[in-house]
Amino acid sequence: MSVAFHLLLVIGLLGAFDVVYFHLWRGRLQERAECQREVLWHTARHLLYALQFLWVPHVRFQGWALGLLGLLYAADVGVALADVWEERDSRASQGGVPRGEYFMHVVLSVLVGLYLMATFQAVWMDRLLPTGVRLEPPDVPGALRAVMTVMGVTALLTFAHDLARWRAFRRAPRPTPKRQQRLQRIVVEVLLPAPVETVWERTQDPELHTAWDIRFTSIRALPEQDARGFHLMDYRTHLGFGLEVVGWGRYLASSLHQRSIFEFGADDWRSLILRGRGLWLYERRPEGTFFKTVFDYETRHGVLGEVLDAALFRPLMRLGTEWGFETLRRWCAGDLLATRQRRSRWSFGAFLVARCLGRPPAPGAARSWLGRGDAAEGQPRPCGELVEVAP
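Every number in the working numbering is 19 more than the matching position in the sequence shown, counting from 1.
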């Protein structure tokens, strides 16, 4: 592990310079509202590297315990991709990422690749050993191990500090609250080549809805009705490995072929969503039907839930909804195999990677973003207040 150790040491020192000089001093990212999602990714990276700085100079994993390292490195790669994806929007007001910082990121990416290769080579044979974690420092000077340990503790403290600061920034009042309020609603829209009657049927019928929406494995109307005659809906999503998340939904109002306002949530602790609210908008167009959704929700599990939502779950929900809308568009365009072929999670995974790398939607395809979902973003009807779920 000595090669991996030295590479990680260089990565840590260069990364510290990147954070202090480019993020804090030049960019002042933590003070900018538009950069808060990028700041959250950086905060998550502090934790991931703190764990690496603390284990590499002291312990060695073997057997099935190597799976923990696999999860750690997979999370590191995922955060890096998400950070790259976010930078384009986050730094737009500053003219993009500075050239020097971009070059630094390229160098760090190469070093991280070499570091992962060196680590893989060093631990490959350890997979055959009994499962466990043992104290076995690499063959490097003790002073360097002490330096990396200090780096790990510093990164851990930085993580706690930045997380607290990020949460305080989100809760602080804004000078223009109406413009800054709830900028993270999920907004998805598409122009469907089908009459509004067809679109209404395929989105309102539970069985047809499940056919195109990859977010759900099954949707069914329960016998119970509320005072307005709306059925309570049962939503289920299979996560794999025998795990299933159960949620509920119900309509709050519905105007035939125009708009549906709905409420949803879950009593299942495995669901990050506690409760939410949203709407579907239908508009006749010469080309077919303009279809749009705006929704928002509250999370459970306190601070951890907020972090997981902002860093992972909300972007995943946004892109999952966009994927479903695009499936519906292809189905309405006459592709009868779209609903079957696009249920593949491998295909959806490839789509996620492509979007994380910055690939935009194809012309005419469904598109999505995180925002208010009101008239300022091109919607002729104000709908932000209809999906408000949080104080």
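Beta carbons are placed, not taken as given, at the ideal position from N, Cα and C, and that holds for glycine. Every value quoted in this text rests on a predicted model; they were computed, and no experiment measured them.
Report task. Please classify H180: is it buried, with 16 or more other beta-carbons within 10 angstroms of its beta-carbon, or exposed? Result -> To locate residue 180, count along the sequence shown from 1; it is residue 161. That one is exposed.
Query raised in the report: Going by DSSP, what residues sit across from Y270 in a beta bridge?
Result: Looking up residue 270 in the sequence shown gives position 251. Y270 is bridged to F281.
Report task. Give me the Cα-Cα distance between L356 and W350, rounded to the nearest whole angstrom. Result -> Locating residue 356 in the sequence shown gives position 337, where the first residue counts as 1. Locating residue 350 in the sequence shown gives position 331, where the first residue counts as 1. Their backbone Cα atoms lie some 8 Å apart in a straight line.
Requested in this report: Assign S290 to one of three DSSP states: helix, strand, or coil.
Outcome: Here the question's residue 290 lines up with position 271 in the sequence shown. Note: S290 maps to coil in three-state DSSP.
Requested in this report: Spatial neighbours of E282 within its chain, please: CB distance less than 6 Å, with the 5 preceding and 5 following residues excluded, ordered by chain position.
Outcome: Walking along the sequence shown from the start, residue 282 turns up at place 263. So the qualifying residues of the chain are R269, L271 and R296.
Query raised in the report: With a CB to CB cut of under 8 Å and the five nearest residues on each side skipped, what residues in its chain are close to D245?
Result: Stepping through the sequence shown from its first residue, residue 245 is reached at position 226. Excluding residues within five positions, the ones whose Cβ falls inside 8 Å are L251 and R269.
Query raised in the report: Taking the Cβ atom as the reference point for each residue, do R319 and L300 lie within a distance shorter than 8 Å?
Result: Here residue 319 refers to the residue found at position 300 when the sequence shown is read from its first residue. Here residue 300 refers to the residue found at position 281 when the sequence shown is read from its first residue. Not in contact: R319 and L300 (Cβ atoms no closer than 8 Å).
Query raised in the report: Near R164, which residues of its chain fall below 7 Å by C-beta distance, leaving aside the five closest residues on each side in sequence?
Result: Taking the sequence shown and counting its residues from 1, the one referred to as residue 164 is at position 145. These residues qualify, in order along the chain: P76 and P156.
Query raised in the report: For Q81, which option in E106, D145, G34 and S128 has the closest C-alpha, if you only look at C-alpha atoms?
Result: By one-based count along the sequence shown, residue 81 stands at place 62. Answer by Cα proximity: D145.
**Report entry** Three-pair Cβ contact test at 8 Å for the stretch 88-101 versus the stretch 209-216
**Finding:** no
**Report entry** Nearest-angstrom Cα separation, counted from A187 out to E325
**Finding:** Along the sequence shown, one-based indexing puts residue 325 at 306. Along the sequence shown, one-based indexing puts residue 187 at 168. Roughly 13 Å separates the two Cα atoms.
Query raised in the report: Under a Cβ-count criterion, where at least 16 other Cβ atoms within 10 Å of its own Cβ denotes burial, should P334 be classed as buried or exposed?
Result: Working through the sequence shown from its first residue, we reach residue 334 at position 315. It is buried - the Cβ of P334 has at least 16 other Cβ atoms within 10 Å.
Query raised in the report: Can you tell me where the alpha helix (DSSP H) with Y92 in it begins and where it stops?
Result: Sequence index remark: in the sequence shown, residue 92 carries index 73 (1-based). Per DSSP, Y92 belongs to the alpha helix (DSSP H) from L85 to S109.
Query raised in the report: Start and end of the alpha helix (DSSP H) containing I233?
Result: Residue 233 sits at position 214 when you count from the first residue of the sequence shown. Note, I233: premise wrong, no alpha helix (DSSP H); not H, not E.
Query - Unbroken alpha helix (DSSP H) run spanning T62, endpoints - result: Indexing the sequence shown from 1 puts residue 62 at position 43. Per DSSP, T62 belongs to the alpha helix (DSSP H) from Q55 to W74.
Report task. Given a cut-off of 8 Å, decide if R234 and G343 are closer than it, judged by their beta-carbon atoms. Result -> Within the sequence shown, numbered from 1, the residue matching residue 343 stands at position 324. Within the sequence shown, numbered from 1, the residue matching residue 234 stands at position 215. Their beta carbons are under 8 Å apart, which means G343 touches R234 by this criterion.
Query raised in the report: If you compare alpha carbons, which of L275, G132, D328 and R391 is closest to V22?
Result: Here residue 22 refers to the residue found at position 3 when the sequence shown is read from its first residue. Ranking L275, G132, D328 and R391 by Cα distance to V22 puts G132 first.
Query - For S237, the nearest candidate out of L258, G390 and R107 (CA to CA) - result: Numbered from 1 along the sequence shown, position 218 holds the residue referred to as residue 237. It is L258.
Query raised in the report: Taking the C-alpha atoms as reference points, what is the distance between R330 and G31?
Result: In the sequence shown, residue 330 corresponds to position 311, counting from 1. In the sequence shown, residue 31 corresponds to position 12, counting from 1. Reading off the sequence, residue 330 comes out as Ala, not Arg. Answer to the nearest angstrom: the Cα atoms are 22 Å apart.
Query raised in the report: In the DSSP assignment, what are the bridge partners of T256?
Result: Counting from 1 along the sequence shown, the entry for residue 256 is found at position 237. Its beta-bridge partners are V264.
Report task. For G290, collect the residues of the same chain with a Cβ closer than 7 Å to its Cβ; drop the 5 residues on either side in sequence, then sort them by chain order. Result -> Within the sequence shown, residue 290 is the residue found at index 271, counting from 1. Correcting the residue type first, residue 290 is Ser in the shown sequence and not Gly. So the qualifying residues of the chain are V264 and G266.
Query raised in the report: Do V207 and S366 come within 8 Å of each other at the CB atom, strictly closer than that value?
Result: Stepping through the sequence shown from its first residue, residue 366 is reached at position 347. Stepping through the sequence shown from its first residue, residue 207 is reached at position 188. Contact flag unset, no.
Report task. In the DSSP assignment, find the unbroken alpha helix (DSSP H) run with R349 in it and report its ends. Result -> On the sequence shown, residue 349 is found 330 positions in, with the first residue counted as 1. Run containing R349: R333 to C351, per the alpha helix (DSSP H) assignment.
Query raised in the report: Just to confirm, are L338 and R391 a CB contact at a threshold of 8 Å?
Result: Along the sequence shown, read from residue 1 onward, the residue named residue 338 stands at position 319. Along the sequence shown, read from residue 1 onward, the residue named residue 391 stands at position 372. No, they are not a contact pair.
Requested in this report: Answer with buried or exposed for Y316, where buried requires no fewer than 16 other C-beta atoms within 10 angstroms of its C-beta.
Outcome: For this step, residue 316 is matched to residue 297 along the sequence shown. Flag for Y316 reads buried.
Report task. Could you tell me the distance, in whole angstroms, from the CA atom of L262 to the CA atom of D287? Result -> Within the sequence shown, the letter at position 243 stands for residue 262. Within the sequence shown, the letter at position 268 stands for residue 287. Between L262 and D287, the alpha-carbon positions lie close to 12 Å from each other.
Query raised in the report: D253 to F139, Cα distance in whole Å?
Result: As a working mapping, residue 253 is identified with position 234 in the sequence shown. As a working mapping, residue 139 is identified with position 120 in the sequence shown. Roughly 45 Å separates the two Cα atoms.
Report task. Figure out for me which residue from S109, R110, L48 and G171 has the closest Cα to the Cα of F24. Result -> The residue labelled residue 24 in the question sits at position 5 within the sequence shown. For F24, the nearest C-alpha among the options comes from G171.
Report task. Return the Cβ separation of A69 and A174 in integer angstroms, given the expectation that the two are a contact with Cβ distance under 8 Å. Result -> On the sequence shown, position 50 is the one that residue 69 refers to. On the sequence shown, position 155 is the one that residue 174 refers to. That pair is a contact at about 4 Å.
Query raised in the report: When you compare each of D232, V96 and M20 to R255 by their alpha carbons, which one comes out closest?
Result: Sequence index remark: in the sequence shown, residue 255 carries index 236 (1-based). Comparing Cα-Cα distances from R255 to each of D232, V96 and M20, the minimum goes to D232.
Query raised in the report: How is H276 classed by DSSP in three states: helix, strand or coil?
Result: Along the sequence shown, read from residue 1 onward, the residue named residue 276 stands at position 257. Note: H276 maps to coil in three-state DSSP.
Report task. Would you mind reading off the limits of the alpha helix (DSSP H) that contains Y134? Result -> Start at 1 with the first residue of the sequence shown, and residue 134 comes out as number 115. Note, Y134: alpha helix (DSSP H), R118 to V142.
Report task. Can you grab the Cα-Cα spacing for the pair T151 / L347, in whole Å? Result -> Your numbering for residue 151 matches position 132 in the sequence shown. Your numbering for residue 347 matches position 328 in the sequence shown. Reading off the sequence shown, one finds Gly at residue 151, where the question assumed Thr. Near 49 Å, if we compare the C-alpha coordinates of L347 and G151.
Query raised in the report: Using a C-beta cutoff of 8 Å, does Q55 count as contacting chain B?
Result: In summary, chain B is missing from the structure at hand, where a single protein chain is found.
Report task. Figure out for me which residue from H124, V125 and L85 has the closest Cα to the Cα of A141. Result -> Along the sequence shown, one-based indexing puts residue 141 at 122. Closest by alpha carbon: L85.
Requested in this report: Going by CA-CA distance only, name the one from V209, V159, G115 and W83 that's closest to L147.
Outcome: For the purposes of this step, residue 147 is identified with residue 128 of the sequence shown, where counting begins at 1. Among V209, V159, G115 and W83, the Cα nearest to that of L147 is on W83.
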